[in-house]
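Read the structure below first, then the notes.
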Amino acid sequence: MAEHLLDVRNLRTVFDTEGGRVTAVNGLSFRLAPGETLGIVGESGSGKSVTQLSILGLLPSPPATIESGEALFEGVDLLRMPPETLRKLRGNRIAMIFQDPMTSLNPFLRISRQLTEVLDIHTTLDRNAQRRRAIEMLEKVGIPDAGNRIDAYPHQFSGGMRQRVMIAMALLCDPALLIADEPTTALDVTIQAQILDLMRDLKRDLGTAIILITHDLGVVAGMADRIIVMYAGRVMESAPTASLFRRPHHPYTIGLLRSLPRLDADGRDDLIPIPGQPPDLSRLKPGCPFVDRCTFAVDACRQTFPESRTVADGHTVACHRPEVAEWNARGLIAPPTDEDGTSADTAEPANTPHDSDAAREVSVPDPDGADRPPPATDDSPAHATDDQEAGE
Numbered sequence: 352m353a354e355h356l357l358d359v360r361n362l363r364t365v366f367d368t369e370g371g372r373v374t375a376v377n378g379l380s381f382r383l384a385p386g387e388t389l390g391i392v393g394e395s396g397s398g399k400s401v402t403q404l405s406i407l408g409l410l411p412s413p414p415a416t417i418e419s420g421e422a423l424f425e426g427v428d429l430l431r432m433p434p435e436t437l438r439k440l441r442g443n444r445i446a447m448i449f450q451d452p453m454t455s456l457n458p459f460l461r462i463s464r465q466l467t468e469v470l471d472i473h474t475t476l477d478r479n480a481q482r483r484r485a486i487e488m489l490e491k492v493g494i495p496d497a498g499n500r501i502d503a504y505p506h507q508f509s510g511g512m513r514q515r516v517m518i519a520m521a522l523l524c525d526p527a528l529l530i531a532d533e534p535t536t537a538l539d540v541t542i543q544a545q546i547l548d549l550m551r552d553l554k555r556d557l558g559t560a561i562i563l564i565t566h567d568l569g570v571v572a573g574m575a576d577r578i579i580v581m582y583a584g585r586v587m588e589s590a591p592t593a594s595l596f597r598r599p600h601h602p603y604t605i606g607l608l609r610s611l612p613r614l615d616a617d618g619r620d621d622l623i624p625i626p627g628q629p630p631d632l633s634r635l636k637p638g639c640p641f642v643d644r645c646t647f648a649v650d651a652c653r654q655t656f657p658e659s660r661t662v663a664d665g666h667t668v669a670c671h672r673p674e675v676a677e678w679n680a681r682g683l684i685a686p687p688t689d690e691d692g693t694s695a696d697t698a699e700p701a702n703t704p705h706d707s708d709a710a711r712e713v714s715v716p717d718p719d720g721a722d723r724p725p726p727a728t729d730d731s732p733a734h735a736t737d738d739q740e741a742g743e
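In terms of my numbering, the sequence shown opens at residue 352 and continues consecutively.
Shown next, in the form of structure tokens:
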């Protein structure tokens with residue numbers, strides 16, 4: 352039996368467009384253990400959804416082409432699997448919840464028909480058994496009066512209930528892997544919390560591994576065992592959830608966290624947006640794609656994309672200067688604490704370059720142990736636009 356449920360290696364997906372060849376996923380690798388929840392975060396256009404659609408063979412070709420890579424699911428490469436075999440796997444061993452349930456459900460078919468169709472394709476159950484199984488799953492995801500509601504049409508359900516139906520459909524065949532693509536985006540905050548609680552309960556009860564795709568760090572903070580941060584089709588940082596939030600090392604991850612409000616702030620601190628715009632994926636340059644938005648960039652960042660390096664147990668980062676970035680983030684991100692509750696951020700790393708030109712960019716500890724951010728300059732990101740959204 353394979354050690355990892357899913358092992359993605361060096362995945363590269365491109366799109367041929369009128370404006371040129373767009374590199375949507377660029378040498379991406381990650382692993383998922385059985386029963387694990389992996390959060391994939393990043394702004395729109397970072398390649399989160401394209402990665403999963405590539406793995407499942409759901410991208411139209413043309414314009415999409417998977418140029419290289421492997422996606423080993425239970426030891427078998429999905430990218431080289433015959434289409435008919437892959438179709439039997441989707442909805443059975445691997446299931447996906449899409450972002451907008453109203454466009455995922457057929458508005459002309461009753462919910463009963465759409466649920467039993469999944470069982471008809473992937474199981475040998477008779478019609479009566481299929482209906483009983485569908486009602487059972489609707490009850491499990493919290494649909495009231497499931498025996499009657501199963502014969503309703505999608506428009507007769509609220510947005511939150513439609514998303515529950517999609518989760519029920521995905522879990523009908525007890526998949527080993529559930530991929531959830533922005534499952535709460537179209538829902539209000541109260542319903543979002545209910546859906547996330549439901550997914551936690553189902554994971555606990557069924558032992559399903561989950562890939563949770565989102566741009567919302569708050570969602571993955573409460574759901575994921577581990578997080579990978581994507582930018583311009585690449586993995587910038589990968590870490591256990593607690594490690595990523597307490598000690599982020601990549602400037603992009605730090606930028607994402609600094610743009611979030613903090614409960615321990617006194618209300619006077621402004622949120623700091625990430626400066627600039629994402630790169631044009633049809634005109635990628637050598638080096639790190641975040642270089643033009645990075646406070647800590649040096650010449651090496653423009654010349655080569657950094658090798659992924661380990662900075663803590665299970666924590667890797669693709670950055671030429673992770674120590675500088677991590678030290679600068681202390682005091683700006685909620686710091687880790689030792690078991691006795693005291694701050695663990697008391698010592699400066701030996702390789703923090705305070706005696707170099709880069710020292711101007713690095714926060715300096717106050718005598719009381721609190722860190723302050725570097726002062727803004729005319730070309731500083733402090734007042735830059737926070738318009739980060741690009742087309743997915």
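Even glycine gets a Cβ: it sits at the ideal position worked out from N, Cα and C.
* Between the CA atoms of Lys439 and Ile472 - distance to the nearest angstrom -> On the sequence shown, residue 472 is found 121 positions in, with the first residue counted as 1. On the sequence shown, residue 439 is found 88 positions in, with the first residue counted as 1. Distance between the alpha carbons of Ile472 and Lys439: 8 angstroms.
* Who are the Cβ neighbours of Ser659 in its own chain at under 6 angstroms, not counting the five residues just before and after it? -> Indexing the sequence shown from 1 puts residue 659 at position 308. Cβ neighbours of Ser659 beyond the five flanking positions: Thr667, Ala669.
* Asked: From the DSSP output, which residues share a beta bridge with Leu362?
  -> As a first step, residue 362 must be located in the sequence shown, where it is residue number 11. According to DSSP, Leu362 bridges with Leu379.
* **Proximity to Glu677 [Cα-Cα], best of Arg609, Arg441, Ile417** => For the purposes of this step, residue 677 is taken as the residue at position 326 of the sequence shown. Closest by alpha carbon: Arg609.
* DSSP puts Met447 in a beta bridge; with which residues? -> Here residue 447 is taken as the residue at index 96 of the sequence shown, counted from 1. Ile530, per the DSSP bridge assignment.
* To do: Give the secondary structure of Pro602 by DSSP, where H, G and I count as helix, E and B as strand, and everything else as coil.
  => One-based indexing of the sequence shown puts residue 602 at position 251. Pro602: helix per DSSP, three-state reduction.
* Using the C-alpha atoms, what's the distance from Leu410 back to Glu421? -> The count along the sequence shown starts at 1 and reaches residue 421 at position 70. The count along the sequence shown starts at 1 and reaches residue 410 at position 59. Answer to the nearest angstrom: the Cα atoms are 16 angstroms apart.
* To do: Could you check how far apart the C-beta atoms of Pro434 and Asp367 are, in whole angstroms? I think they sit under 8 angstroms.
  => One-based indexing of the sequence shown puts residue 434 at position 83. One-based indexing of the sequence shown puts residue 367 at position 16. Their Cβ separation, rounded to whole angstroms, is 21 angstroms, which puts Pro434 and Asp367 out of contact at 8 angstroms.
* Assuming Glu394 contacts His601 under a Cβ cut-off of 8 angstroms, what Cβ separation, rounded to an integer in Å, is found between them? -> Mapped onto the sequence shown, residue 394 falls at position 43. Mapped onto the sequence shown, residue 601 falls at position 250. Actually they do not touch by this definition, with Cβ atoms about 14 angstroms apart.
* To do: Tell me the start and end of each unbroken beta strand (DSSP E) in the segment 413 to 479 that is at least 3 residues and wholly inside, in chain order.
  => 415 to 424, 445 to 448
* To do: Let me know if Leu362 comes out buried or exposed under the rule of 16 or more other beta-carbons within 10 Å of its beta-carbon.
  => Here the question's residue 362 lines up with position 11 in the sequence shown. With 16 or more Cβ atoms within 10 Å of its Cβ, Leu362 is classed as buried.
* Asked: In chain order, what residues of the same chain have a beta carbon less than 7 angstroms from the beta carbon of Leu547, not counting five sequence neighbours either side?
  -> The residue you call residue 547 lines up with position 196 of the sequence shown. Thr535, Val570, Gly573, Met574.
* Asked: Taking C-beta to C-beta, are Asp643 and Gly627 nearer than 9 angstroms?
  -> Walking along the sequence shown from the start, residue 643 turns up at place 292. Walking along the sequence shown from the start, residue 627 turns up at place 276. The answer is yes: Cβ separation under 9 angstroms.
* Asked: Using the beta-carbon count (16 or more within 10 Å), is Asn457 buried or exposed?
  -> Translated into positions along the sequence shown, residue 457 becomes position 106. Classification of Asn457: exposed, given that the 10 Å Cβ count is below 16.
* Burial state of Asp650, where buried means 16 or more other Cβ atoms lie within 10 Å -> Residue numbering aside, residue 650 sits at position 299 when the sequence shown is read from its first letter. Per the 10 Å Cβ criterion, exposed.
* Asked: Should Leu563 and Thr388 be called a contact, given that it needs their Cβ atoms to be closer than 9 angstroms?
  -> Here residue 563 refers to the residue found at position 212 when the sequence shown is read from its first residue. Here residue 388 refers to the residue found at position 37 when the sequence shown is read from its first residue. Yes.
* Cα separation between Val516 and Leu489? -> Here the question's residue 516 lines up with position 165 in the sequence shown. Here the question's residue 489 lines up with position 138 in the sequence shown. Rounded to whole angstroms, Val516 to Leu489 spans 7 angstroms at the Cα level.
* Do the CB positions of Glu330 and Val365 come within less than 9 angstroms of each other? -> Residue numbering for the chain in the displayed model covers 352 to 743; residue 330 lies beyond these limits and cannot be assessed.
* Can you grab the Cα-Cα spacing for the pair Arg484 / Ala521, in whole Å? => For the purposes of this step, residue 484 is identified with residue 133 of the sequence shown, where counting begins at 1. For the purposes of this step, residue 521 is identified with residue 170 of the sequence shown, where counting begins at 1. Each residue's alpha carbon lies about 13 angstroms from the other.
* To do: Quick one: residues in its chain with C-beta nearer than 7 angstroms to the C-beta of Gln545, no 5 flanking neighbours on either side, listed in chain order?
  => In the sequence shown, the residue the question calls residue 545 occupies position 194. Around Gln545: Gly511.
* Out of curiosity, what's the CA-to-CA distance linking Ile448 and Arg555? -> Counting from one through the sequence shown, the residue named residue 448 turns up at place 97. Counting from one through the sequence shown, the residue named residue 555 turns up at place 204. Arg555 has its alpha-carbon roughly 18 angstroms from the corresponding atom of Ile448.
* Cα separation between Leu430 and Pro612? -> Within the sequence shown, numbered from 1, the residue matching residue 430 stands at position 79. Within the sequence shown, numbered from 1, the residue matching residue 612 stands at position 261. Approximately 41 angstroms, taken between the alpha carbons.
* Between which two residues does the alpha helix (DSSP H) carrying Gly510 extend? -> As a first step, residue 510 is located in the sequence shown; it is residue number 159 there, counting from the start. 510 to 522 is the extent of the alpha helix (DSSP H) around Gly510.
* To do: Please classify Arg660: does DSSP put it in a helix, a strand, or coil?
  => Residue mapping note: residue 660 aligns to position 309 of the sequence shown, counting from 1. DSSP places Arg660 in strand when its eight states are reduced to three.
* Is it buried or exposed for Pro637, if we count other Cβ within 10 angstroms and need 16 for buried? -> Translated into positions along the sequence shown, residue 637 becomes position 286. Label assigned to Pro637: exposed.
* Are Leu553 and Lys491 closer than 9 angstroms when you measure CB to CB? -> Counted from its first residue, the sequence shown places residue 553 at position 202. Counted from its first residue, the sequence shown places residue 491 at position 140. Their beta carbons are under 9 angstroms apart, which means Leu553 touches Lys491 by this criterion.
* Hey, how far is the Cα of Gly398 from the Cα of Ile579? -> Against the sequence shown, residue 398 aligns to sequence position 47. Against the sequence shown, residue 579 aligns to sequence position 228. Straight-line Cα distance between these residues: approximately 12 angstroms.
* Asked: Mind checking Phe459: buried by the 16 CB within 10 Å criterion, or exposed?
  -> The residue labelled residue 459 in the question sits at position 108 within the sequence shown. Exposed, because fewer than 16 other Cβ atoms sit within 10 Å of the Cβ of Phe459.
* To do: Tell me, to the nearest whole angstrom, how far the beta carbon of Ala648 is from that of Gly386; I am working on the premise that it is less than 8 angstroms.
  => Within the sequence shown, numbered from 1, the residue matching residue 648 stands at position 297. Within the sequence shown, numbered from 1, the residue matching residue 386 stands at position 35. Not quite, the Cβ-Cβ distance comes to about 39 angstroms (not below 8 angstroms), so this is no contact.
* **Proximity winner among Pro640, Gly606, Thr655, Gly390, relative to Arg681 (alpha-carbon distances)** => The sequence position of residue 681 within the sequence shown is 330, counting from 1. Closest option to Arg681, Cα to Cα, is Gly606.
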